[in-house]
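2 protein chains.
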Amino acid sequence: MTKLSELRTAGDIRAEDLADDGIRAEQIRTALAHAVALRVLAYRVEHGLSQTALARQLGMQQPAVARLEAGDHEPTFSTLERLARGLGIEFHIDITPATSGLRDTA
Amino acid sequence: MTKLSELRTAGDIRAEDLADDGIRAEQIRTALAHAVALRVLAYRVEHGLSQTALARQLGMQQPAVARLEAGDHEPTFSTLERLARGLGIEFHIDITPATSGLRDTA
DNA sequence: GAGAATAATAACATACTTGTTATCGCAGAT
DNA sequence: ATCTGCGATAACAAGTATGTTATTATTCTC
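Going line by line, the protein sequences match chains A and B.
Read left to right, the first sequence gives residues 139 to 244 (our numbering).
Read left to right, the second sequence gives residues 139 to 244 (our numbering).
Here it is as structure tokens:
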């Protein structure tokens, strides 16, 4: 399993950091899946919910939550949006051109 | 078609802004697809590339580029990552708890 | 007008994520 | 030991994005 202390501090993913050098796309996908998994698991533990309870809150079944927490699949944007609504999680997708200078939003 | 002047200024998407009130998940998906479409089209026009040439640069076929620029499908993270590498586009996926400073609201 | 290049679309196969049900192992409580 | 809740996994159906080829309309050039 994963330590809870690390779950609290898990913040965000930046695709550029992950995709930077020699990392494979496979690892990118697992990295995103892992980050989402940590968020879901953290929320669930923090709120003292069972997978079944959280599943009901998200409008899905317990195995779906288990699969999310497993972090083996790359979640869809639809899934992310679903989590954002159900868990109060915010996710930002910033698409900026690399050549026209860095955005001030970052 | 789309005006080029707007393409330059198209910056980023924030899922929270889009998903905020009564917008459907369907529109979220199209919004992301549209943003990616604008980025791809902007890059292609700025560099004076044909869809075929850009497709070769990205390692795919011309209809795939056309489909991306059409913006009807929600791109996968794998596709985004592919674009990021091929076009030099940066995309950040930030997953943060809802109230960035405060803990567990909902 | 003929020809070439470009962009859009159709059509199909493939891969992957998700939805769902059933099941299994495990720990706690009675 | 039994029962109950929890979490993980298997297995299958369904939806969707992608890979790919072929085709069509359009525009530009000669």
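Note that beta-carbon positions come from the ideal geometry of N, C-alpha and C, so glycine has one too.
Proximal residues of chain A, C-beta to C-beta of residue i below 7 Å
| i | result |
| --- | --- |
| B:L170 | F215 and I231 |
C-beta neighbour in chain A for residue i, strict 9 Å
| i | result |
| --- | --- |
| B:A191 | no |
| B:R194 | no |
| B:A163 | Model confidence at B:A163 stands at a pLDDT of 46, short of 50, so the residue's coordinates are unreliable; what they give is reported in the following sentence. Closer than 9 Å to some Cβ of chain A, the Cβ of B:A163 qualifies, so yes. |
| B:G224 | no |
Bounding residues of the alpha helix (DSSP H) (the contiguous stretch that carries residue i)
| i | result |
| --- | --- |
| B:P304 | Because chain B spans 139 through 244 in this model, residue 304 of chain B falls outside it and cannot be assessed. |
| A:L187 | Taken as a continuous stretch (DSSP letters only), A:L187 belongs to no alpha helix (DSSP H), as it is neither H nor E. |
| B:G224 | F215 to L225 |
Chain B within 9 Å of residue i, Cβ atoms only
| i | result |
| --- | --- |
| A:V203 | no |
| A:G160 | Note that A:G160 scores 38 on pLDDT, short of 50, meaning its location in the model is unreliable; the coordinates nonetheless yield the value given after this. So, not an interface residue. |
Residue from the options whose Cα sits closest to the Cα of residue i
| i | options | result |
| --- | --- | --- |
| A:R205 | A:G197, A:Q189 and A:I231 | A:Q189 |
| A:T234 | B:I233, B:T234 and B:A222 | B:A222 |
| A:L196 | A:Y181, A:R220 and A:P213 | A:R220 |
| A:H211 | B:H211, B:D210 and B:S216 | B:S216 |
Residue i: contacting residues in chain A (beta-carbon distance under 9 Å)
| i | result |
| --- | --- |
| B:V174 | I233 |
| B:E212 | T214, F215 and S216 |
Neighbour list for residue i in chain B, Cβ cutoff strictly below 8 Å
| i | result |
| --- | --- |
| A:R182 | Ordered by position in chain B, no residue passes the 8 Å Cβ test against A:R182, which lies about 11 Å from the chain. |
Pair within 9 Å by beta-carbon distance, residue i and residue j
| i | j | result |
| --- | --- | --- |
| A:P213 | A:A171 | yes |
| A:H230 | B:I231 | yes |
| B:A175 | B:A208 | yes |
| B:L192 | B:H185 | yes |
| A:R177 | A:V203 | no |
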